[in-house]
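A.B. asks: Take the sequence shown: its letters are residues 602 to 685, numbered as in my numbering. Sharing a structure with you now.
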Amino acid sequence: MTKGQVPSADCGQGAKEIWRWTEEMDFVMLTAFAEEHLRGNRVNGSWLPEVYAHVVTALKDVVVADVTKQHIKSRMKTSQEKVY
């Protein structure tokens, strides 16, 4: 289990591992998105497909080994709901 992960309550077969976003994970993700924005990888309000790959790589290098594009999209949606 890597940093930020919490074991699932059900440890039986088919149980999935649940992990929570930490402030460090948010910082790494937002920094990666800011760098991609400065590179011009946001067109018409949408991120280019390679942006998510770069953000996944940044998170894997620093914090979480098993983060996916879907985790990032979900976190962005959650973050936007909290802000607005």
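Glycine included, every Cβ here is placed at the ideal spot set by N, Cα and C.
#1: Mind checking Glu651: buried by the 16 CB within 10 Å criterion, or exposed?
#2: Provide the residue span of the alpha helix (DSSP H) that contains Thr658, from first to last.
#3: Val668: which of Asn645, Gly641, Glu636 and Ala654 sits nearest, CA to CA?
#4: Would you tell me roughly how many angstroms separate the C-alpha atoms of Asn645 and Val664, rounded to the nearest one?
#5: Report the three-state DSSP secondary structure of Val644 (helix, strand or coil).
#6: Measure the alpha-carbon distance for Trp620 versus His672 and round it to whole angstroms.
#7: With distances taken from CA atoms, which of Thr623, Asp662, Glu624 and Val657 is nearest Phe634?
C.D. replies: Well, looking at it:
#1: Classification of Glu651: exposed, given that the 10 Å Cβ count is below 16.
#2: Pro650 to Val663
#3: Ala654
#4: The alpha-carbon atoms of Asn645 and Val664 are separated by roughly 30 Å.
#5: strand
#6: 10 Å
#7: Val657
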